[in-house]
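Protein chains: 2
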Amino acid sequence: MRQAGRYMAEYRSLRERYSLLDICRTPDLATEVTLQPVRKIEVDAAILFSDLLLPLEPMGLPFDFIRGEGPQIERPISSVGDIDALRRFEPRESLSHVLTAIRQIQVALGGRVPLIGFAGAPFTLATYLVEGGASRDYRHTKALMHGDPGAWNALMARLVHAVAATLREQIAAGADAVQLFDSWVGTLSPADYRAHVLPHMRTLFAALPAGTPTIHFGTGTGGLLEALRAAGGDVIGLDWRVDLDAAWARVGHDVAVQGNLDPAALLAPIPEIRARAAAILDQAAGRPGHVFNLGHGVLPDTPVDHARALVDAVHELSRR
Amino acid sequence: MRQAGRYMAEYRSLRERYSLLDICRTPDLATEVTLQPVRKIEVDAAILFSDLLLPLEPMGLPFDFIRGEGPQIERPISSVGDIDALRRFEPRESLSHVLTAIRQIQVALGGRVPLIGFAGAPFTLATYLVEGGASRDYRHTKALMHGDPGAWNALMARLVHAVAATLREQIAAGADAVQLFDSWVGTLSPADYRAHVLPHMRTLFAALPAGTPTIHFGTGTGGLLEALRAAGGDVIGLDWRVDLDAAWARVGHDVAVQGNLDPAALLAPIPEIRARAAAILDQAAGRPGHVFNLGHGVLPDTPVDHARALVDAVHELSRR
Numbered sequence: 005m006r007q008a009g010r011y012m013a014e015y016r017s018l019r020e021r022y023s024l025l026d027i028c029r030t031p032d033l034a035t036e037v038t039l040q041p042v043r044k045i046e047v048d049a050a051i052l053f054s055d056l057l058l059p060l061e062p063m064g065l066p067f068d069f070i071r072g073e074g075p076q077i078e079r080p081i082s083s084v085g086d087i088d089a090l091r092r093f094e095p096r097e098s099l100s101h102v103l104t105a106i107r108q109i110q111v112a113l114g115g116r117v118p119l120i121g122f123a124g125a126p127f128t129l130a131t132y133l134v135e136g137g138a139s140r141d142y143r144h145t146k147a148l149m150h151g152d153p154g155a156w157n158a159l160m161a162r163l164v165h166a167v168a169a170t171l172r173e174q175i176a177a178g179a180d181a182v183q184l185f186d187s188w189v190g191t192l193s194p195a196d197y198r199a200h201v202l203p204h205m206r207t208l209f210a211a212l213p214a215g216t217p218t219i220h221f222g223t224g225t226g227g228l229l230e231a232l233r234a235a236g237g238d239v240i241g242l243d244w245r246v247d248l249d250a251a252w253a254r255v256g257h258d259v260a261v262q263g264n265l266d267p268a269a270l271l272a273p274i275p276e277i278r279a280r281a282a283a284i285l286d287q288a289a290g291r292p293g294h295v296f297n298l299g300h301g302v303l304p305d306t307p308v309d310h311a312r313a314l315v316d317a318v319h320e321l322s323r324r
Numbered sequence: 005m006r007q008a009g010r011y012m013a014e015y016r017s018l019r020e021r022y023s024l025l026d027i028c029r030t031p032d033l034a035t036e037v038t039l040q041p042v043r044k045i046e047v048d049a050a051i052l053f054s055d056l057l058l059p060l061e062p063m064g065l066p067f068d069f070i071r072g073e074g075p076q077i078e079r080p081i082s083s084v085g086d087i088d089a090l091r092r093f094e095p096r097e098s099l100s101h102v103l104t105a106i107r108q109i110q111v112a113l114g115g116r117v118p119l120i121g122f123a124g125a126p127f128t129l130a131t132y133l134v135e136g137g138a139s140r141d142y143r144h145t146k147a148l149m150h151g152d153p154g155a156w157n158a159l160m161a162r163l164v165h166a167v168a169a170t171l172r173e174q175i176a177a178g179a180d181a182v183q184l185f186d187s188w189v190g191t192l193s194p195a196d197y198r199a200h201v202l203p204h205m206r207t208l209f210a211a212l213p214a215g216t217p218t219i220h221f222g223t224g225t226g227g228l229l230e231a232l233r234a235a236g237g238d239v240i241g242l243d244w245r246v247d248l249d250a251a252w253a254r255v256g257h258d259v260a261v262q263g264n265l266d267p268a269a270l271l272a273p274i275p276e277i278r279a280r281a282a283a284i285l286d287q288a289a290g291r292p293g294h295v296f297n298l299g300h301g302v303l304p305d306t307p308v309d310h311a312r313a314l315v316d317a318v319h320e321l322s323r324r
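Quick note, the sequences are listed as chains A and B, same order.
Under the working numbering, think of the first position of the first sequence as 5, with each following residue one higher.
Under the working numbering, think of the first position of the second sequence as 5, with each following residue one higher.
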């Protein structure tokens, strides 16, 4: 997830003057905000500060963030005609600001830490396109998937094309790894995932260049882990709702995993945070291929010294 | 979950005149609404129409349902003093309307189908008490649990006492089985569940009379199934985010399971609903102890003939 956020004073100060989308669309601002957590809490990798909805506008679907309600798509998709009308776009033109930001960030980082690019996965993008914003039950998305599989597959194919093109350009611009956020995929039954999402994810992973590590992230995926692994990715993201040890055994030890601290644990006293980091590292111990990470984004009321204490604890305990 | 709801015209018509709480607190209305789905879609058991927040008011925490926002507790818990101030109550007095409804429903049912009573589980009740209403991340609940385990255990002990007393009285009044709804427990890491919830659930199940079946329900529990089973219950609820077959193997075939159709599947065309019911029954086949059920509540825009078609399909396919 985004490493910068309202828990950091530097970020809050910028957000007084600029919207989230202003920052994502202005390379100098995206560069600054991407670097803030590298400087402040000394994470081991920078994550491109961006938003998974950026490809929507070049596809012909303008949107905005409504205060307190999240993203709102002006004209959500409701027919096969809407899907046919989605525009194919060339990320080098339409998302050139993101690619410029990647180049600038890499210059600023100077090789100190790698830079992770990212995009929303097709299913999660589809939920926004169809629901028009956030959702609790994804009823319209599922109604389309269950009621008109042909239209659903056409929509997913468009999104696979857009996401693959976007990630290829991020890699060409210098991203050292890329992360695919299937944030809301945990709402699906394993059978629905296998029938209606997995084949599209395979196509997407196959369309990315070999040699650049890919991270496959989702939340609420306790029943989907084997299927996510089958769909692809060099690293499988594990949120905090699964035991790291049991989950890694389920996806297989021949794939890497990322996770899995509950972001809410950063509200606990620092000794408790250290104990929780140690418990995760213990479960991963003796095996290469674990990327320590929160299971989702940093909560806005997280004290910044708690975030820093977590990074310090992981560094210190990993060295032992 | 509640079987009646906005998808039924009879229910909508009553809700024009009465609030949700009016219905829960008026035995004649609760009886009528509990019976509506038995008459209309011919389910195999009636579920007491009630709300898991009903014990809050006798504990000294008034609340109301705000349109579009869900429940709102007037004075959420924020200190040890607030926990100490929670009132112990006698369900025979404070929840007598619920017990009267149970007796009336049993008379009306006349033994045709059993009646399932219900209560919210202590963790889920605690989230409402601490957050003051619904939540996305349960940050205050987790901050209390992680930051002051003593206070957390005191709160859970109070809730265990209240819930156990409530369920014992429901059973004494005639409930044939009882369901414990730990609706939001899926937000917890397995380690947190085992440390901060499981011991309290064991105490609660041990406080219920032997001989009345208990159903232990949660959602988003794909990483918690083994722990839920260890906590107790004759039947473990499985939402739709896990494969029934794999999940049953994980909880053990010596316990019964309930589930596991996605409520959103009822928005699909009827042949598709039948196919999905068949797929679940196939996974359960050849083994006693599966209770067919939705993984959560019926969505408000579900066509009532789709709900009826599901019940018919389950009856027809189970007979084969």
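We put the beta carbon where it would ideally sit given N, CA and C, even for glycine.
When you check each C-beta in the region 119-153 of chain A against every C-beta of chain B, which residues fall closer than 8 Å? D141, Y142, R143, K146, A147, H150, G151
Beta carbon of L303(B), beta carbon of R143(A): below 8 Å? yes
Counting only beta-carbon separations shorter than 8 Å, does W2(B) have a partner in chain A? In the structure as shown, chain B starts at 5 and stops at 324, and residue 2(B) therefore has no counterpart that could be examined.
With 8 Å as the threshold, decide whether the Cβ of P273(B) is near any Cβ in chain A. P273(B) counts as touching chain A.
CB L171(A) to CB P194(A), shorter than 8 Å? no
My assumption, with CB atoms under 8 Å, is that L265(B) sits in contact with W244(B). Please give the rounded CB distance. 6 Å
Would L202(B) pass as an interface residue toward chain A - the criterion being a Cβ-Cβ separation below 8 Å? Not flagged as an interface residue toward chain A: L202(B), since no C-beta distance is shorter than 8 Å.
Between V259(A) and chain B, is there a C-beta pair that is closer than 8 Å? no
Rounded C-alpha distance that separates E20(B) from I120(B): One C-alpha to the other measures close to 26 Å.
Buried or exposed for A289(A), please, with buried defined as at least 16 other CB atoms from any protein chain shown within 10 angstroms of its CB. exposed
Would you decide whether R280(B) is buried or exposed? Buried here means 16 or more other CB atoms lie within 10 Å of its CB. The residue is buried, with at least 16 neighbouring Cβ atoms inside 10 Å.
Endpoints, the alpha helix (DSSP H) within which T207(B) is located: Residues 202-210.
Quick one: does S98(A) have its CB under 8 Å from some CB of chain B? Output row for S98(A): interface = no.
With a CB to CB cut of under 8 Å and the five nearest residues on each side skipped, what residues in its chain are close to Q76(B)? F67, D68, F69, I70, G136, G137
Going by alpha carbons, who is nearest to L65(A) out of I87(A), L52(A), G114(A), G72(A)? I87(A)
Beta bridge counterpart(s) of Q325(B) as assigned by DSSP: Limits of chain B in this structure are 5 at one end and 324 at the other, which puts residue 325(B) out of reach.
Establish whether the CB of S23(A) and some CB of chain B are separated by less than 8 Å. no
Is D68(A) helix, strand or coil by DSSP? strand
From the beta carbon of L298(A), is the nearest beta carbon of chain B less than 8 Å away? no
Any contact between the region 109-118 of chain B and the region 183-198 of chain B? By contact I mean 3 or more CB pairs, one from each, below 8 Å. Counting C-beta pairs with one atom in each stretch, the region 109-118 of chain B and the region 183-198 of chain B have fewer than three that are closer than 8 Å, which means they do not touch.
Out of curiosity, what's the CA-to-CA distance linking C28(B) and G9(B)? If you take the alpha carbons of C28(B) and G9(B), they lie about 13 Å apart.
Would a check of beta-carbon distances place S193(B) closer than 8 Å to chain A? yes
Does the distance from the CB of A234(B) to the CB of L202(B) come in under 8 Å? yes
From this set, F296(B), H319(B), V318(B), H310(B), which residue's C-alpha is nearest M5(B)'s C-alpha? F296(B)
Looking at the structure shown, is P75(A) part of a helix, part of a strand, or coil, going by DSSP? In this structure, P75(A) counts as strand in the three-state DSSP scheme.
So which of A311(A), R323(A), E320(A), L321(A) has the shortest CA-CA distance to V42(A)? A311(A)
Residues of chain A with CB under 9 Å from V246(B), in chain order? S193, P194, G226, G227, L228
Can you list, in chain order, the stretches of the beta strand (DSSP E) that have 3 or more residues and sit fully within the region 209-280 of chain B? 218-222, 239-241, 260-265
Taking the alpha-carbon positions, what's the R278(A) to H294(B) distance? 43 Å
Cβ neighbours of P80(B) in the same chain (closer than 7 Å, five flanking residues each side left out): L133, V134, E135, G136
Reference D305(B), options A169(A), L60(A), L99(A), D141(A), closest by Cα: D141(A)
I need the boundaries of the beta strand (DSSP E) containing V167(A), first residue and last residue. Counting along the chain, V167(A) falls outside any beta strand (DSSP E), though it belongs to the alpha helix (DSSP H) covering 153-177.
With a cut-off of 8 Å on the beta carbons, I'd call A34(A) and S54(A) a contact; round off their distance for me. S54(A) and A34(A) do touch by the CB rule: their CB atoms are close to 7 Å apart, below 8 Å.
Pairs of beta-carbons, one from the region 160-177 of chain B and one from the region 87-96 of chain B, closer than 8 Å: are there three or more? Yes, the region 160-177 of chain B is in contact with the region 87-96 of chain B.
Quick one: Cα of V102(B) to Cα of A13(B), how far? 24 Å
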